[in-house]
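Colleague: Sharing a structure with you now.
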Amino acid sequence: MGNCQGQCYQKSLSQTNSVDCGKLMILVKTWQKEAFSLFDYENAANVQEQKFTINSEGYLRGRNQIEWIENDSIIKDEVCKIKKKNENYFIVNPNFQNVDKMQVIQEKEEFHTLVNKTVSDNIGNKIWKVIHENGILLEEGDVIKLGRVKFTIRQIALDIKSQEQRSECESSLSNESEQIMCRICCSSQKSLKNPLLNPCKCCGSIKYIHLECLKTWLRMKLENRQSENCIVYLWKNLECELCKFNYPPKFKSDDAYYDLIELSKPNDYPYLMMEFTNKQGQQLECNKSSGIYILKFSNVLELKVGRSNETDIRVNDISVSRNHARFQVQDKKVYLFDNHSKFGTLHLIRSEKIQIQRGMEIQVGRSLISFQ
Ligand SMILES: [Zn+2]
Ligand SMILES: [Zn+2]
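Per the UniProt record's numbering, residue 1 is the first one in the sequence shown, and the count goes up by one each step.
In structure tokens, the structure reads:
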């Protein structure tokens, strides 16, 4: 709709009836019962269908019955807010956080993971964009959902150069004069790239471990299965073999933060690293609650993901179709395409607002909203 004038001009040439540029048609399908946040795109039973034609900004609200409201009063049960600017419509993201707020949340999350509590991520309704066969460009930090299985894209590493530059400025170290040594290799040498850490409750002569020694230990401990183009690490709890303390997913040592997931990075490029966290009693991969998938594109440019044995990336969950989606590298970028999956491939909207395009579909709560 960016070139609305142009589009309308073209349409009026081909169609005899005039097209009203200012109008937007919204088709809402709402599932009447909670179905574990799953949308069965093939089964239309128990779905309420509604159509709205709008001409100005406003809100969609409601639970089972959706309403369009144009006034600016306090809205209860808001599904989605739509703004209009210069004949273009935008979806306003209620979950958008500016950088300052984000930092506070991250700090909170870090604090909570350290004390072993989970933080509720339910700040309003999340808006998911439905990915179709035409695909979407993936960026680090993106959250995608295959059926009900959620992945966070932690890292997209396409060549070795950019990664080396990054690690240069990653960690900071204080100058401790205390005589300390690594409990694995017994060396007391340390450097910025390989500091001595204290990730658990051990003290005395076994208090410290080298970053590199911890990485090696993690790789041995975590490696679960490996196919030609995909490595999967899964774990429920990782504990210190001596003090039995559970290593938190993120820990602080000498004023620098370390991340167990980051520590299991592979050595060959290009790859994409995505993390999943098992929430709400999902029975995934024999009860392992966290894990990472490392997708290797060194041999092929396209990897299939699904529940079938023939896919490159296997995700064992009933909500994932046999051949659900595919990742593809094109011009040093990674794209995700859906493959007519039953419960859909979704991409979390993280920006402040997103311009509505005809044919676009989003999912909010139990509603699937299409714009035409
Ligand atoms: Zn060591
Ligand atoms: Zn320990």
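We put the CB at the ideal spot given by N, CA and C, even for glycine. Keep in mind the model is a prediction, meaning the values are calculated, not measured.
When we look at the beta-carbon of Cys185 and count the other beta-carbons within 10 Å, is it buried (16 or more) or exposed?
Modeller: exposed
Colleague: Val315 to Phe343, Cα distance in whole Å?
Modeller: 14 angstroms
Colleague: If we define contact as Cβ-Cβ less than 8 angstroms, is Asn299 a contact residue for chain C?
Modeller: The structure shown contains no chain C; it is built from a single protein chain.
Colleague: Counting Cβ pairs closer than 8 angstroms, one from the segment 294 to 304 and one from the segment 321 to 336, do we hit at least three?
Modeller: yes
Colleague: Using C-beta distances below 7 angstroms, list every residue in its chain close to Phe244, excluding the 5 sequence neighbours before and after it, in chain order.
Modeller: Here residue 244 turns out to be Lys, not Phe, going by the sequence shown. Cβ within range, chain order: n/a, list empty.
Colleague: For Phe245, verify whether its CB is less than 7 angstroms away from any heavy atom of ligand 2.
Modeller: Closer than 7 angstroms to some heavy atom of ligand 2: that describes the Cβ of Phe245.
Colleague: For Ile206, which three-state DSSP category applies?
Modeller: Per DSSP, reduced to three states, the secondary structure at Ile206 is helical.
Colleague: Look at Ile131 and Leu346 and say whether their C-beta atoms are less than 8 angstroms apart.
Modeller: yes
Colleague: Between Asn267, Gln48, Cys200, Phe52, which lies nearest to Gln65 when the distance is taken from Cα to Cα?
Modeller: Gln48
Colleague: Is Lys252 near ligand 2, judged by its Cβ being under 7 angstroms from some heavy atom?
Modeller: Relative to ligand 2, Lys252 has its C-beta separated by 7 angstroms or more from all heavy atoms.
Colleague: On a Cα-Cα basis, can you pick out the residue from Tyr335, Val364, Asn339, Ser319 that is closest to Lys150?
Modeller: Ser319
Colleague: Using only the alpha-carbon positions, how far apart do Ser188 and Cys213 sit?
Modeller: 12 angstroms
Colleague: The alpha helix (DSSP H) with Lys221 in it runs from where to where?
Modeller: 211 to 222
Colleague: In terms of residues, what are the limits of the beta strand (DSSP E) holding Gly306?
Modeller: 302 to 306
Colleague: Please list the terminal residues of the continuous beta strand (DSSP E) segment that includes Thr53.
Modeller: 47 to 54
Colleague: For the beta strand (DSSP E) containing Leu27, list its first residue and its last residue.
Modeller: 24 to 31
Colleague: With burial defined as no fewer than 16 other Cβ atoms inside 10 Å of the residue's Cβ, what is the status of Pro266: buried or exposed?
Modeller: exposed
Colleague: Tell me which same chain residues have a C-beta within less than 6 angstroms of the C-beta of Asp312, skipping the five on either side of it?
Modeller: Asn229, Cys230, Leu303, Lys304
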